[in-house]
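First residue of the sequence shown: 257, per the working numbering; consecutive thereafter. Heads up, the beta-carbon is just placed ideally off N, CA and C, and yes, glycines get one too.
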Amino acid sequence: MIIIGEKINGVIPATKQAIAERDGGYISGLAVKQAEAGANYIDVCAGTDPELEVDALQWLMGVVQDAVELPLCIDSPNPEVIARVFPLARRDGIINSVSAEGNKCGILYPLVQGTAWQVIGLTCDDRGVPGDVQTRVEIAKQLVMKAAEFGIAPDRLHIDPLVITLATDHESLLKFVAATREIKALYPPIKITSGLSNISFGMPLRRVVNQSFLTMAMFAGMDSAILDPCNQEMLATLLANEALLGRDRLCRKFANAYRSGRIGQKR
Ligand code: THG
257 MIIIGEKING
267 VIPATKQAIA
277 ERDGGYISGL
287 AVKQAEAGAN
297 YIDVCAGTDP
307 ELEVDALQWL
317 MGVVQDAVEL
327 PLCIDSPNPE
337 VIARVFPLAR
347 RDGIINSVSA
357 EGNKCGILYP
367 LVQGTAWQVI
377 GLTCDDRGVP
387 GDVQTRVEIA
397 KQLVMKAAEF
407 GIAPDRLHID
417 PLVITLATDH
427 ESLLKFVAAT
437 REIKALYPPI
447 KITSGLSNIS
457 FGMPLRRVVN
467 QSFLTMAMFA
477 GMDSAILDPC
487 NQEMLATLLA
497 NEALLGRDRL
507 CRKFANAYRS
517 GRIGQKR
């Protein structure tokens, strides 16, 4: 599993405050903690007003890249913002995200043409987030075909089938799983990704629901996830799932994570 660490996001109140105050120590601490917990990429999302976003993201990218060797996952709903901050990235990372909305692909795919950058593609378009499986698969096809025009092969794409809150659609997980399986059947090298927290909005015991979602999504073929690797229960579930899915010979990674205190510590 590819872990994209989510902690440097202005939706988290403490991170928002650190961004507003340009508290570099706090942000670099989050980057280091996520790297130590096993993150493969560090998501950076300013979550500020559009006019402040470029400045904030540029600052975040500098702080994170000075603190850790990991590549970034540049997270903004605004493709122009991503294009402006993109030159500051010091190593090939992930663009989060394109979708079939507006001209997002037309702005962002050319940036990564001829590089090793990867791209997250959301299955939504100008009509919004589809509630059904078939429209999501159709949008994924569009994103793949458009990527091919820029020489971007499916193995560089992470499709995010945009899980809907379970409280508003009781078949949300089932649809996510069906979309995942169909998209992977069409394009075996493609990656499927997801945030973990949307599923449980409005429910009690969100952590339990999120971990169950992680387990079922991994079983269905999810390859990467945007999550908090410092959440030890979540990380333990993820590593247990890896072992159960046959990706951890002799359970060595699981045992090492336990022995080194990355999982199983009392909080
Ligand atoms: N798909 C894609 N990108 C995304 C999302 C997605 N980017 C933003 C978001 N969804 C994923 N990022 C976050 C960041 C923080 C939180 C949730 C989603 C959050 N964190 C809490 C905290 O850190 O305090 C709790 C974390 C925990 O304990 O597990 O709320 O869906 N492509």
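Contact test: S353 Cβ vs ligand 1 heavy atom, cutoff 6 Å
Here residue 353 is taken as the residue at index 97 of the sequence shown, counted from 1. At least one heavy atom of ligand 1 falls within 6 Å of the beta-carbon of S353.
Three-state secondary structure assigned by DSSP to Y514
The count along the sequence shown starts at 1 and reaches residue 514 at position 258. In the displayed model, Y514 falls within a helix according to three-state DSSP.
Could you pull out every residue in the same chain whose Cβ sits closer than 7 Å to the Cβ of P366, ignoring the five residues on either side in sequence?
Here residue 366 refers to the residue found at position 110 of the sequence shown. The residues are F406.
Verify the contact flag: E277, CB atom, against every heavy atom of ligand 1, threshold strictly below 6 Å.
Walking along the sequence shown from the start, residue 277 turns up at place 21. Taken from the Cβ of E277, every heavy atom of ligand 1 lies 6 Å or farther away.
I need the straight-line Cα distance from N487 to L326, nearest angstrom please.
For the purposes of this step, residue 487 is taken as the residue at position 231 of the sequence shown. For the purposes of this step, residue 326 is taken as the residue at position 70 of the sequence shown. The alpha-carbon atoms of N487 and L326 are separated by roughly 19 Å.
Would you mind sorting T424 into buried or exposed? The rule is 16 or more other CB atoms within 10 Å of its CB.
The sequence position of residue 424 within the sequence shown is 168, counting from 1. Exposed is the call here.
Quick check: A274 and P485, are their CB atoms within less than 7 Å of each other?
Working through the sequence shown from its first residue, we reach residue 274 at position 18. Working through the sequence shown from its first residue, we reach residue 485 at position 229. Judged by their CB atoms, A274 and P485 are not nearer to each other than the 7 Å cut-off.
Cutting at 6 Å between CB atoms, please list the residues of its own chain near R347, excluding the five before and the five after it.
The residue you call residue 347 lines up with position 91 of the sequence shown. Sequence-distant partners of R347 (beyond 5 residues in either direction) whose C-beta falls short of 6 Å from its own C-beta, in its chain, are P327.
Can you determine whether any heavy atom of ligand 1 sits closer than 6 Å to the C-beta of E489, and answer yes or no?
To locate residue 489, count along the sequence shown from 1; it is residue 233. Not under cutoff, so the answer is no.
Can you give me the C-alpha to C-alpha distance between K431 and T449, rounded to a whole angstrom?
Counting from 1 along the sequence shown, the entry for residue 431 is found at position 175. Counting from 1 along the sequence shown, the entry for residue 449 is found at position 193. Taking the straight line joining both Cα atoms gives about 14 Å.
Span of the beta strand (DSSP E) holding S480?
Position 224 of the sequence shown, counted from the start, is the residue given in the question as residue 480. S480 -> beta strand (DSSP E) spans S480 to L483.
Between A481 and I260, which are expected to be in contact by the criterion C-beta below 8 Å, what is the C-beta distance as a whole number of angstroms?
Taking the first residue of the sequence shown as position 1, residue 481 is located at position 225. Taking the first residue of the sequence shown as position 1, residue 260 is located at position 4. Yes, they are in contact, since the Cβ atoms of A481 and I260 sit about 7 Å apart, within 8 Å.
If contact is defined by three or more beta carbon pairs under 8 Å, each pair taking one atom from either stretch, is the stretch 269-289 in contact with the stretch 459-466?
No contact exists between the stretch 459-466 and the stretch 269-289.
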